[in-house]
Amino acid sequence: MSEAPNGLVVVDKPGGLTSHDVVARVRRLAGTRKVGHAGTLDPMATGVLVLGVGRATRLLGHLMLTEKAYDATIRLGVTTTTDDAEGEVVAQAPAGQVDETRVRSALAEFVGDIEQRPSAVSAIKVDGKRAYQRVRDGEDVELPARPVTIHELVVHEVSTVPGEPCTDVTISVRCSSGTYIRAIARDLGERLAVGGHLTALRRTAVGGFDLSVAHTLEELAESFAVVPLEDAARATFPCVVLDDAEAADVRVGRSLDRKLPDLCAVFAPDGEFLALYEPAGDRAKAVAVFVA
15 MSEAPNGLVV VDKPGGLTSH DVVARVRRLA GTRKVGHAGT LDPMATGVLV LGVGRATRLL
75 GHLMLTEKAY DATIRLGVTT TTDDAEGEVV AQAPAGQVDE TRVRSALAEF VGDIEQRPSA
135 VSAIKVDGKR AYQRVRDGED VELPARPVTI HELVVHEVST VPGEPCTDVT ISVRCSSGTY
195 IRAIARDLGE RLAVGGHLTA LRRTAVGGFD LSVAHTLEEL AESFAVVPLE DAARATFPCV
255 VLDDAEAADV RVGRSLDRKL PDLCAVFAPD GEFLALYEPA GDRAKAVAVF VA
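Read left to right, the sequence shown gives residues 15 to 306 (the working numbering).
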């Protein structure tokens, strides 16, 4: 590859790799160290992971990736230290005969604006130190609840686990950024008084990017697919086409004598993506300029 690309790479992350592992792989494939991610996925999770390459790394912090979607499996009857299958089992309770109506009714209560207590092994910082590192160091960590929004929660199946006194619940969730699906598993188990943890998690969408535009690492090794910077901007922000004089001002980061409704992607008359601009009273000011 003669020149490193600029754009977003949407990866279908495999299980067992950290998000940083995926970034390292993509750095090698893209031939540049300028690769970053727009939000991590747990190692056990699979699915959509949005990366920025080259100048697009500066776009990541501005992307409107506030809504996410997941497919998940919750196992009732077993509680773990991490609220997922990677943790140690700390409690078990008979849950092979959990009433399906009770399961569906309990999960319905999670839909809407709720207060959710994040998992103790999350990446949230407590006094400058990651919560999961405090847990690994033997500390007891109790994170405060915080507001999240569950837009939709669909229960697909409630079934007993052959040979075990457990029940598996498969769900799909559409939620705000910052929602922990592991916490839903934990809280469902607590409400039903049998305990619960997450056994499978697949992220199916982040913002406007879903599995239909995602590529496995093997596919990227064969053919490196990038969502060009201008396409990513058009898919994510309101778009404004400037005249020649305005475009010249934007290229050097000057403010514009133009009112904008919100953070916008601004383009030259020929369609070249130039920058992100935001309202500043009756004018607009630069947030990030992407001209090479």
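Glycine included, C-beta positions come from ideal geometry on N, C-alpha and C.
Owing to the predicted nature of the structure, the values given are computational and were not obtained by experimental measurement.
Using the DSSP secondary-structure output, state which residues sit across from residue i in a beta bridge.
i: V103; result: T94
i: K82; result: C189 and V220
i: Q111; result: Looking at the DSSP assignment, Q111 forms no beta bridge with any residue, so it has no partner.
i: F287; result: F281
Going by CA-CA distance only, name the one from the options that's closest to residue i.
i: A294; options: A259, S269 and I164; result: S269
i: D276; options: A239, F287, R297 and A282; result: R297
i: T71; options: V266, G53 and T32; result: G53
i: V317; options: K299, E292 and A262; result: The structure shown has nothing for residue 317, since the chain only spans 15 to 306.
i: A109; options: L90, L65 and R160; result: L90
i: F238; options: R41, S173 and L31; result: R41
i: L63; options: P28, T46, F124 and E100; result: P28
i: L225; options: E178, G61 and S119; result: G61
i: P179; options: S190, F124, G209 and G192; result: G209
Excluding the five sequence neighbours on either side, which residues of its own chain have a C-beta within less than 7 Å of the C-beta of residue i, listed in chain order?
i: D85; result: S186, R216 and T218
i: I128; result: V162 and I164
By DSSP, does residue i sit in helix, in strand, or in coil?
i: R160; result: strand
i: G203; result: helix
i: S226; result: helix
i: R116; result: helix
i: L31; result: coil
i: L77; result: coil
i: K139; result: strand
i: M15; result: The predicted position of M15 is uncertain, since its pLDDT is 44 and thus under 50; a value taken from the coordinates is nonetheless stated next. Coil at M15, not helix or strand.
i: L167; result: strand
i: R297; result: strand
i: A122; result: helix
Counting only the same chain and skipping the five closest in sequence on each side, list residues whose C-beta sits under 6 Å from that of residue i.
i: S133; result: D97, Y194, R196 and A197
i: G75; result: none
i: V168; result: S186
i: V125; result: I164 and L167
i: R205; result: A120
Subject >> Entirely enclosed beta strand (DSSP E) segments - the segment 33-73, minimum 3 residues >> reply: 49-51 and 60-67
Subject >> Start-end ranges of the beta strand (DSSP E) lying completely within the segment 222-266, minimum 3 residues >> reply: 253-255
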